[in-house]
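Under the working numbering, the first residue of the sequence shown is numbered 18, with each subsequent residue one higher. Quick reminder that beta carbons are idealized off the backbone N, C-alpha and C, glycines included. Bear in mind the structure is a predicted one, so any value in this text is a computation, not a measurement.
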Amino acid sequence: MALLVTNIGELTTNVERDGDATGTVRDAAILVEGTRIAWVGERADAPAGDIPTVDAAGRAVLPGFVDSHTHLVFGGDRADEFEARMTGVPYAAGGIRRTVAATRAASDEELRARLSRLVAELRAQGTTTVEIKTGYGLTVHDETRLARLAAEVTDEVTFLGAHVVPAEYADRREDYLDLVTGPMLDAVRPHARWVDVFCERGAFTADESRRILAAGAAHGLRPRVHGNQLGPGEGVRLAVASGAASVDHCTFLDDDDVAALAGSDTVATLLPGVEFSTRQPYPDARRLLDAGVTVALASDCNPGSSFTSSMPLMVALAVREMGMTPAEAVWAATAGGARALRRTDIGRIAPGARADLVLLDAPTRVHLAYRPGVPLVAQAWKDGAALL
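As structure tokens, then:
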């Protein structure tokens, strides 16, 4: 089925033109055929014919948001931790074990129902592609069911058995590493595309992380890394050396970390919802961009440190707190996320790309930061099908 979206006041294509990475087209139109984009250009040149039409009425259109880092399959609630942080209690990774206990106790039906609600929530805010990690099961059975449930709603599933060492293995760390790199990996692999590790104090060392990523790669899973969130560390350089598609958080970086990222194709995925929720310093996106690093934005939606599914909020925080321009932030939340997932069919509006589009109830993308917290997504399409 064909669809013509026309009278677009500002179209963000993310196809670079004249030095503009966002490839902005004014007074534009888009022709969709089936699940793909067939034509993009100025409205005056749009294909003619008896084509169903959506009049954008001068409003802005951009690619669907690509949220390349989430933890959407979980049980329980940790609002009390958030409340405590707001009174000065520092964030620590150990709270993950609370969610592990609640997730293990939840049924598939309970987990699926919450996952469905969260996916509907993010779709309503313009996210058309989402990555989902395991990591709240930490047994062979539970990690497998989390991966299976995630695979019901996305192709971008990440195995994160190396989230933390569960309590029952506190005195048998090596046994848990054997489990993650052996039976657990074997069981989860059919449902996953990626392998991830939390390389951080209180989680996994660089040597342990290297072993886990190598085991995943040997089973066909591409590497991702949580790194440099809680303090300086080896996560970023481990990610680059491992050929990871992305290293996520990047809150505490030294000059060598930035240089390593700039000399690689590893994407620095920044998660400002975490800093909003934990009161840590925000990552310095300006420093990374000025060094030539590819930057993505993602929500890190999870119950402990960033319980938000709003990519528009990530754009607003990146502009307000991290030194990004609105154009850079929108690129990072769309094309940047696609780069972090090694995808060329999303994050841009061009012939052959998936017809994943967002129509804003605003004349320009700047309004995503200019009007934070306002529901600006008037319509979204995924693979050419309307979501709202």
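Where the alpha helix (DSSP H) through residue i begins and ends
i    : result
L230 : 223 to 235
A45  : Element bounds for A45: not the alpha helix (DSSP H) but the beta strand (DSSP E), 42 to 50.
L194 : 190 to 198
F176 : Careful: F176 lies outside any alpha helix (DSSP H), inside the beta strand (DSSP E) at 173 to 179.
S213 : The sequence given here places Asp at residue 213; Ser does not occur at that position. Counting along the chain, D213 falls outside any alpha helix (DSSP H), though it belongs to the beta strand (DSSP E) covering 211 to 216.
L306 : 302 to 307
V391 : Neither: V391 is in no alpha helix (DSSP H) and is coded neither H nor E.
L278 : 272 to 279
V157 : 157 to 168
Where the beta strand (DSSP E) through residue i begins and ends
i    : result
I25  : 19 to 28
S263 : 263 to 266
G244 : 242 to 244
V284 : 284 to 287
V253 : Looking at the DSSP string, V253 is not in any beta strand (DSSP E); the run it does join, the alpha helix (DSSP H), is 252 to 258.
V151 : Position check: residue 151 holds Thr in this sequence, whereas Val was assumed. No beta strand (DSSP E) contains T151, which DSSP labels as neither H nor E.
Through-space distance from residue j to residue i, alpha-carbon basis
i    : j    : result
G36  : D203 : 46 Å
Y193 : V182 : 7 Å
D378 : V242 : 36 Å
D72  : G353 : 28 Å
P289 : G66  : 45 Å
L314 : S327 : 11 Å
E100 : L89  : 21 Å
T17  : P343 : Summary: the structure shown does not reach residue 17, with the chain confined to residues 18 through 405, and so no result is reported for it.
G154 : F176 : 11 Å
A285 : T116 : 26 Å
V147 : I229 : 24 Å
L238 : D195 : 17 Å
F269 : R227 : 20 Å
T198 : E225 : 10 Å
Q246 : A130 : 30 Å
L358 : N31  : 16 Å
D188 : A235 : 28 Å
L393 : G143 : 9 Å
E59  : G93  : 49 Å
D172 : T145 : 12 Å
R95  : D317 : 15 Å
A220 : D271 : 21 Å
P300 : A118 : 31 Å
D400 : A302 : 31 Å
W398 : L305 : 32 Å
I68  : K150 : 40 Å
A61  : P368 : 18 Å
6 Å Cβ shell around residue i - same chain, five flanking residues per side excluded
i    : result
M201 : V157, E160, G178
H208 : A164, R165, A168, V174
D274 : V253
A308 : V275, A279
A38  : W348
R121 : D159
S259 : L230, P240
G321 : R95, G112
N319 : H88
F91  : T116, T120, Y153, P320
D362 : A370, R371
S333 : For clarity, residue 333 is Ala in the given sequence; the question names Ser instead. The residues are A386, P389.
V291 : D317, S322, S323
Same chain only: Cβ atoms within 7 Å of residue i, ignoring 5 sequence neighbours per side
i    : result
Q396 : L376, A403, L405
A137 : none
P380 : G26, E27, G75, R76, A77
A184 : R114
R190 : V182
G233 : F176, L202, V212, P240
Cut-off 8 Å between Cβ atoms - residues of its own chain near residue i, not counting five sequence neighbours on either side
i    : result
V78  : V22, I25, E27, L28, T29, A45, I47, I366, L374, V375, L376, L377
R162 : D125, L128, G154
G250 : C216, E217, R218, A223, G244, F269
Residue i Cβ short of 7 Å to the ligand PLP heavy atom set
i   : result
T23 : In terms of ligand content, the structure shown is empty, and the ligand PLP therefore cannot be addressed.
Any C-beta of chain C under 8 Å from that of residue i
i    : result
D301 : Here there is only one protein chain, and chain C is not present.
May I have a chain-ordered list of the beta strand (DSSP E) segments no shorter than 3 residues that lie completely inside the stretch 46 to 128?
53 to 59, 70 to 72, 77 to 80, 82 to 84
Count Cβ pairs between the stretch 91 to 108 and the stretch 288 to 297 that sit closer than 8 Å; are there 3 or more?
Because the criterion of three Cβ pairs below 8 Å is met, the stretch 91 to 108 and the stretch 288 to 297 touch.
For the stretch 344 to 361 against the stretch 81 to 88, are there 3 or more C-beta pairs whose distance is under 8 Å?
yes
Extract the residue ranges of the alpha helix (DSSP H) inside the stretch 310 to 380, only unbroken runs of 4 or more that lie entirely within it.
328 to 338, 343 to 348, 354 to 357
The stretch 381 to 392 in contact with the stretch 328 to 341 per 3-pair CB rule at 8 Å
yes
Flag this pair as touching only if the stretch 277 to 284 and the stretch 257 to 267 have three or more C-beta atom pairs under 8 Å; answer yes or no.
yes
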